[in-house]
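Peer 1:
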Amino acid sequence: MTDAFADQVGLLARRSVVRTARQPANVVFPFVFPLLLLAVNSSGLKSATSLPGFPTDSYLAFALAVPFIQGALFATMNAGTDLARDIQTGFLNRLALTPMRGTALLAGQLGGVMAMTVAQTAVWIGAGLLLGVDIASGPLGIVVLFVFSLLLGLGFGAIGAFLALRTGSGEAVQGMFPVFFVFLFISSMAIPRNLIEIDWFRTATTLNPVSYLIEAVRSLIIIGWDAEALALGFGIATLIAAIAVSLSSLALRTRLTRS
Amino acid sequence: MRTLSVAQGVAWRVLHNVFTNPSLLIPSLVFPLFFFVAFAGGLSRIGQVPGFDYPPGYTAFQFVFVLLQSAAFGGVFTGFGIARDFESGFGRRLLISAPHRTGIVLGYAAAALVRWLLTAAVVTAVAIIAGMQVGGNGVDLFGLYALGLILNLAAILWAAGVALRLRTMQAGPVMQMPVFLLLFFAPVYVPLALLQGWIHDVARVNPITRMLEAGRGLLAGTPTEVGLAFGVAVALVLAFSLWALRGLRSAEQAG
Chain A
-13 MTDAFADQVG LLARRSVVRT ARQPANVVFP FVFPLLLLAV NSSGLKSATS
37 LPGFPTDSYL AFALAVPFIQ GALFATMNAG TDLARDIQTG FLNRLALTPM
87 RGTALLAGQL GGVMAMTVAQ TAVWIGAGLL LGVDIASGPL GIVVLFVFSL
137 LLGLGFGAIG AFLALRTGSG EAVQGMFPVF FVFLFISSMA IPRNLIEIDW
187 FRTATTLNPV SYLIEAVRSL IIIGWDAEAL ALGFGIATLI AAIAVSLSSL
237 ALRTRLTRS
Chain B
61 MRTLSVAQGV AWRVLHNVFT NPSLLIPSLV FPLFFFVAFA GGLSRIGQVP
111 GFDYPPGYTA FQFVFVLLQS AAFGGVFTGF GIARDFESGF GRRLLISAPH
161 RTGIVLGYAA AALVRWLLTA AVVTAVAIIA GMQVGGNGVD LFGLYALGLI
211 LNLAAILWAA GVALRLRTMQ AGPVMQMPVF LLLFFAPVYV PLALLQGWIH
261 DVARVNPITR MLEAGRGLLA GTPTEVGLAF GVAVALVLAF SLWALRGLRS
311 AEQAG
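In the order they appear, the protein sequences are chains A and B. My numbering applies: residue -13 is where the first sequence begins, and numbers increase by one. My numbering applies: residue 61 is where the second sequence begins, and numbers increase by one.
#1: Select from GLY39/A, ALA25/A, ILE200/A, PHE148/A the residue whose C-alpha is nearest the C-alpha of LEU117/A.
#2: Three or more C-beta pairs under 8 Å: does that hold for the segment 151 to 167 of chain A against the segment 30 to 45 of chain A?
#3: Going straight from the alpha carbon of GLY102/B to that of ILE177/A, what length do you get?
#4: Taking only beta carbons into account, state which residues of the segment 40 to 71 of chain A come closer than 7 Å to chain B, listed in chain order.
#5: Which residues in chain A sit within 7 Å of PHE133/B, going by Cβ to Cβ distance?
#6: Taking Cβ positions, are GLY112/A and LEU206/A nearer each other than 9 Å?
#7: List, in chain order, every chain A residue whose beta-carbon is nearer than 7 Å to that of GLY257/B.
#8: Using a cut-off of 8 Å between C-beta atoms, extract the partners of GLY141/B located in chain A.
#9: Between LEU225/A, GLY141/A, LEU181/A, which lies nearest to LEU59/A when the distance is taken from Cα to Cα?
#10: Just to confirm, does GLN193/B get its C-beta within under 8 Å of one of the non-hydrogen atoms of the ligand MG?
#11: In chain A, what lies closer than 7 Å to PRO110/B by C-beta?
#12: Given that a residue counts as buried once 16 or more other Cβ atoms are within 10 Å of its Cβ, and exposed if not, what is ASP261/B?
#13: Taking 9 Å as the threshold (beta carbon to beta carbon), is SER33/A in contact with chain B?
#14: Taking its Cβ as the centre, do 16 or more other Cβ atoms sit within 10 Å of VAL115/B, making it buried, or is it exposed?
#15: Mind pulling the chain A residues with CB within less than 7 Å of LEU288/B?
#16: Starting from ILE188/B and walking both ways along the alpha helix (DSSP H), at which residues does that stretch end?
#17: What do you reckon, are the CB atoms on ALA223/A and ALA237/A nearer than 9 Å?
#18: Going by DSSP, what residue range makes up the alpha helix (DSSP H) through ASP(-7)/A?
#19: Between the segment 143 to 156 of chain B and the segment 278 to 297 of chain B, can you find at least three pairs of beta-carbon atoms closer than 8 Å?
#20: Starting from GLY93/A, trace the alpha helix (DSSP H) in both directions and tell me its first and last residue.
#21: Could you say which of ARG276/B, GLY232/B, GLY291/B, ILE216/B lies nearest to ALA120/B if we only look at CA atoms?
#22: When the Cβ atoms of the segment 13 to 29 of chain A are set against those of the segment 180 to 187 of chain A, are three or more pairs found closer than 8 Å?
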């Protein structure tokens, strides 16, 4: 990477972070909402731990994996909405007139999302430790959680960027939020897959890639080092990131050509 | 009479907008169904937790929550429409043209009720198709839906009060978040008796808990605390009526 390109990425990533930080709703919701749901679910579903076969006696530890994915969903929305606003306000067109490279725009935007993801991960882990969760995989596991979150931030941020570049509309990006929420709820977020009674629901959660993302994070928190869960989680997260970055790069090229 | 004609006009316009615009109609129908599927489908095993005793089963247990949730959020979604009307300037024109402005709030409330009736019908149909067991008789079920209607009214009056004061779509989270918290700080997944720790203490004083427990009793055919639940619901309506009307005054003063 040349110095000029790195400068461009750095500047745009900084812009992305500052812009997010300046909008209270963009900061409060990605941090407060997942914690709120964690508090509600971990208290409300505490008695689920008494079900035979439940993998831990702490529902909080079990549910701590969910904010990681919710945070990534919010990253998708923020990245997409911000980029769509850049398109709607003509910022992207003006940028296209400068020597700045298109890939720098995308990398900068995604860099900003990933910085946000690191902050979120620190909050989720900090909250968990503060509330007495014992991370079974230890300090190295915490490092892996950060790496995994960065990968999620990259993948989901790129999905947001792709949607924004394809539609050029913040409303359209926001309109996808319920779809992502469906993926989250029809997953193993609330109960292990093997304890789901309804057959079609268990099949849906098994087919849903989000289940494996959650289970990878969960394995580090409640089991320790589960090679299968980690391989599936990292594999799917890498695949999502690769596809989403490729699609958003193509969409950016088309968008800049149109401009 | 003039108040009623204003209310009729406002309600017709809101309903026309909602029923001819899929982006407004579909979320209010899909969200409750989605919660119903996720909770009743994914968490059905919770019905086997020791101490969980609800004869009609976990699907019925979650149905009552989803029904009341749809009532509350139906009110909030209509509140979004009020905020949108004021942001676009339509609200101001409405204030100028309406001879009796209380009718504006009444109209939005009537529209919210009609809108929720459709949602309730769809959610009920899906629950029955999903095999929900009903223990209550006709009177019990009437009580359950009446509870939902009153909650819907309370929610629209709350949201109207916020929308009329802030008059911007950015007020959405202010309308939504307290309702969301009240709903989820109630016994959503298990009965109150099985909740432990701080959530139990919060749920015990949460007004939604009374409605939820009474609603579940009505559906099971074993009514409990019904008078208290209706008392709480009516008290919420009265309090939020004042809140909404004062919001209307605030919008009038803003010009």
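All C-beta atoms, glycine included, are put in the ideal place defined by N, C-alpha and C. From a predicted model like this one, the values you see are computed outputs, not experimental measurements.
Peer 2: The short version:
#1: Your numbering for residue 117/A matches position 131 in the first sequence. Of GLY39/A, ALA25/A, ILE200/A, PHE148/A, the residue nearest in Cα terms is ALA25/A.
#2: no
#3: Indexing the second sequence from 1 puts residue 102/B at position 42. Indexing the first sequence from 1 puts residue 177/A at position 191. Between GLY102/B and ILE177/A, the C-alpha separation is close to 7 Å.
#4: For the segment 40 to 71 of chain A, which is checked against every Cβ of chain B, not one residue is closer than 7 Å.
#5: Taking the second sequence and counting its residues from 1, one reaches residue 133/B at position 73. Below the 7 Å Cβ cutoff, chain A contributes no neighbours of PHE133/B, its closest Cβ being approximately 13 Å away.
#6: Locating residue 112/A in the first sequence gives position 126, where the first residue counts as 1. Locating residue 206/A in the first sequence gives position 220, where the first residue counts as 1. No, they are not a contact pair.
#7: By one-based count along the second sequence, residue 257/B stands at place 197. Those are SER29, listed as they occur along chain A.
#8: Numbered from 1 along the second sequence, position 81 holds the residue referred to as residue 141/B. Near GLY141/B there are no residues of chain A at all, since even the closest Cβ is about 16 Å away, more than 8 Å.
#9: Indexing the first sequence from 1 puts residue 59/A at position 73. Among LEU225/A, GLY141/A, LEU181/A, the Cα nearest to that of LEU59/A is on GLY141/A.
#10: Looking at this structure, you won't find the ligand MG or any other ligand, since it has none at all.
#11: Here residue 110/B corresponds to residue number 50 of the second sequence, with the count starting at 1. Within 7 Å Cβ-Cβ: SER36.
#12: Walking along the second sequence from the start, residue 261/B turns up at place 201. ASP261/B comes out exposed.
#13: By one-based count along the first sequence, residue 33/A stands at place 47. Output row for SER33/A: interface = yes.
#14: One-based indexing of the second sequence puts residue 115/B at position 55. Strictly speaking, residue 115/B in this sequence is Pro, with Val absent from that position. The residue is exposed, with fewer than 16 neighbouring Cβ atoms inside 10 Å.
#15: Residue 288/B sits at position 228 when you count from the first residue of the second sequence. Ordered by position in chain A, no residue passes the 7 Å Cβ test against LEU288/B, which lies about 22 Å from the chain.
#16: Along the second sequence, one-based indexing puts residue 188/B at 128. Segment 162 to 189, the alpha helix (DSSP H) holding ILE188/B.
#17: Position 237 of the first sequence holds residue 223/A. Position 251 of the first sequence holds residue 237/A. ALA223/A places its beta carbon 9 Å or farther from that of ALA237/A.
#18: Taking the first sequence and counting its residues from 1, one reaches residue -7/A at position 7. Note, ASP(-7)/A: alpha helix (DSSP H), -11 to 7.
#19: no
#20: If you number the first sequence from 1, residue 93/A lands on position 107. With the sequence shown as reference, residue 93/A is identified as Ala, and Gly is not the correct amino acid for it. 88 to 116 is the span of the alpha helix (DSSP H), which, as asked, contains ALA93/A.
#21: By 1-based counting over the second sequence, the position of residue 120/B is 60. Nearest of ARG276/B, GLY232/B, GLY291/B, ILE216/B to ALA120/B, Cα basis: ARG276/B.
#22: no
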